[in-house]
Amino acid sequence: MAEGGKDHRKKKSGRKADKRKAAETKKKGDDGGNNDVARKQNPKAFIFKSRGKAKIQRARTAEKDQRRMHVPAVEKNVEEPPPFTILVQGPPGVGKSTLIKCLIKHYTRQDVRDAKGPVTVVAGKTRRLTFIECPQDLNGMIDAAKYADLVLLLIDGAFGFEMETFEFLNILQVHGFPKVMGVLTHLDGFKDVKALKKDQKGTKASFLV
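Residue numbering for the sequence shown follows numbering that gives the first Met the number 0, beginning at 0 and increasing consecutively.
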């Protein structure tokens, strides 16, 4: 203090005082809520004073954490082609279920007791096969004729063609004709080889017509 003078008093208002106050605040890391860096470094210092707002913020934070923990699985584009649909059609008791079970066992090496419903098996790295038994009603036949890629027509070798087989062939002609293969069953009932060959030849001729 100078002789006969007064002590130096720092200015508490004005431009210099404001600059000095801002520098001190920045050094401490707190500028009254206007500094975003301070909010990130010390979030508890800027918490809500209201109890309701604090409750909403806690709920929002918990929801964000749960979303981060349970990331929704994004379905990627599958490059594999759809399975090849094989439809097995025939009158009751001709052996449709038996044929499907045998085909499934051929590809999977496993026995299937009940083959109801579509059964899809893996036949290769990029090939799948779906076996479906054709329903007996007319509406089911029409739907099956639309999505089938290959139709196996089972024919009783001892009885020959039945009316259901011809009806289904007419349905196939109307609703997109897929590949059709005829399968003769119950050939073990023939004791004579000549009669068996004759029956096979006649069935083949009728099938081609």
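Note that beta-carbon positions come from the ideal geometry of N, C-alpha and C, so glycine has one too.
Give the straight-line distance between the Cα atoms of Lys104 and Ala58, rounded to the nearest whole angstrom.
Looking up residue 104 in the sequence shown gives position 105. Looking up residue 58 in the sequence shown gives position 59. If you draw a straight line from the Cα of Lys104 to the Cα of Ala58, it comes to about 55 angstroms.
Would you list, in sequence order, the uninterrupted beta strand (DSSP E) runs of no fewer than 3 residues that lie entirely inside the region 72-159?
-> Every unbroken stretch of the beta strand (DSSP E) spanning 3 or more residues and falling wholly within the region 72-159 is given here in chain order: 83-88, 118-121, 127-132 and 149-155.
For this session: Please classify Gly181: does DSSP put it in a helix, a strand, or coil?
Result: Numbered from its first residue, the sequence shown carries residue 181 at position 182. Strand.
Note down the Cα distance separating Gly32 from Ala44, rounded to an integer number of angstroms.
Here residue 32 refers to the residue found at position 33 when the sequence shown is read from its first residue. Here residue 44 refers to the residue found at position 45 when the sequence shown is read from its first residue. Since pLDDT at Gly32 reaches only 47, below the 50 mark, its modelled position is unreliable, and the value read off the structure follows with that caveat. Separation of Gly32 and Ala44 (C-alpha to C-alpha, rounded to the nearest whole angstrom) is 9 angstroms.
Query raised in the report: Looking at C-beta atoms only, is the number of pairs between the region 111-129 and the region 77-90 that lie closer than 8 angstroms three or more?
Result: Yes, since at least three Cβ pairs between the region 111-129 and the region 77-90 fall closer than 8 angstroms, the two stretches touch.
- Query: Does the Cβ of Met165 have 16 or more other Cβ atoms within 10 Å, making it buried, or fewer, making it exposed?
  - Reply: Residue numbering aside, residue 165 sits at position 166 when the sequence shown is read from its first letter. Note that residue 165 is Phe in the sequence shown, not Met. Exposed, by the Cβ-count rule.
Task: Reduced DSSP category for His7 - H, G, I as helix; E, B as strand; rest coil - done: By 1-based counting over the sequence shown, the position of residue 7 is 8. Coil, per DSSP.
*asked:* Using CA atoms only, rank isn't needed, just tell me which of Lys193, Glu62 and Gln88 is closest to Met140.
replied: Locating residue 140 in the sequence shown gives position 141, counting from the first residue. Residue Gln88 is the option with its Cα nearest to Met140.
Check your understanding: Just the Cα atoms here: how many angstroms apart are Tyr106 and Tyr146?
Key -> On the sequence shown, residue 106 is found 107 positions in, with the first residue counted as 1. On the sequence shown, residue 146 is found 147 positions in, with the first residue counted as 1. The straight-line gap from Cα to Cα measures roughly 22 angstroms.
Taking the Cβ atom as the reference point for each residue, do Asp155 and His185 lie within a distance shorter than 7 angstroms?
Along the sequence shown, read from residue 1 onward, the residue named residue 155 stands at position 156. Along the sequence shown, read from residue 1 onward, the residue named residue 185 stands at position 186. Cβ atoms of Asp155 and His185: closer than 7 angstroms.
**Item:** Close Cβ partners of Met180 (< 6 angstroms) along its chain, the five nearest in sequence each way excluded
**Value:** In the sequence shown, residue 180 corresponds to position 181, counting from 1. Within its own chain, the residues whose Cβ lies closer than 6 angstroms to the Cβ of Met180, once the five positions on either side in sequence are excluded, are Leu151, listed in chain order.
| message | Distance check for Asp142 and Lys100, CA to CA, integer angstroms please. | response | Position 101 of the sequence shown, counted from the start, is the residue given in the question as residue 100. Position 143 of the sequence shown, counted from the start, is the residue given in the question as residue 142. The alpha-carbon of Lys100 is positioned some 23 angstroms away from that of Asp142.
| Under 6 angstroms from any heavy atom of the ligand COA, does the C-beta of His174 make it? | Absent from the structure shown: the ligand COA. Ligands present: none.
Q) With 16 other CB atoms within 10 Å as the buried threshold, where does Glu78 fall? A) Here residue 78 is taken as the residue at index 79 of the sequence shown, counted from 1. Around the Cβ of Glu78, a 10 Å sphere holds fewer than 16 other Cβ atoms; the residue is exposed.
Along the chain, where does the alpha helix (DSSP H) that runs through Lys48 open and close? Here the question's residue 48 lines up with position 49 in the sequence shown. It is not in any alpha helix (DSSP H) - Lys48 carries neither H nor E in the DSSP assignment.
Helix, strand or coil: which one does DSSP assign to Asn41?
The sequence position of residue 41 within the sequence shown is 42, counting from 1. Coil at Asn41, not helix or strand.
Taking C-beta to C-beta, are Ala144 and Leu171 nearer than 7 angstroms?
On the sequence shown, residue 144 is found 145 positions in, with the first residue counted as 1. On the sequence shown, residue 171 is found 172 positions in, with the first residue counted as 1. With respect to Leu171, Ala144 sits close: the two C-beta atoms are nearer than 7 angstroms.
Roughly how many whole angstroms lie between the Cα atoms of Phe47 and Gln40? Within the sequence shown, the letter at position 48 stands for residue 47. Within the sequence shown, the letter at position 41 stands for residue 40. Going from the Cα of Phe47 to the Cα of Gln40 covers about 16 angstroms.
Straight-line CA distance for Gly94 to Leu153?
Sequence index remark: in the sequence shown, residue 94 carries index 95 (1-based). Sequence index remark: in the sequence shown, residue 153 carries index 154 (1-based). Taking the straight line from one Cα to the other gives about 8 angstroms.
Express the C-alpha separation of Ala21 and Lys5 in angstroms, rounding to a whole number.
Residue mapping note: residue 5 aligns to position 6 of the sequence shown, counting from 1. Residue mapping note: residue 21 aligns to position 22 of the sequence shown, counting from 1. Each residue's alpha carbon lies about 27 angstroms from the other.
Q. When you compare each of Leu102, Pro80 and Phe158 to Thr125 by their alpha carbons, which one comes out closest?
A. Looking up residue 125 in the sequence shown gives position 126. Of the listed residues, the one whose Cα sits closest to Thr125 is Pro80.
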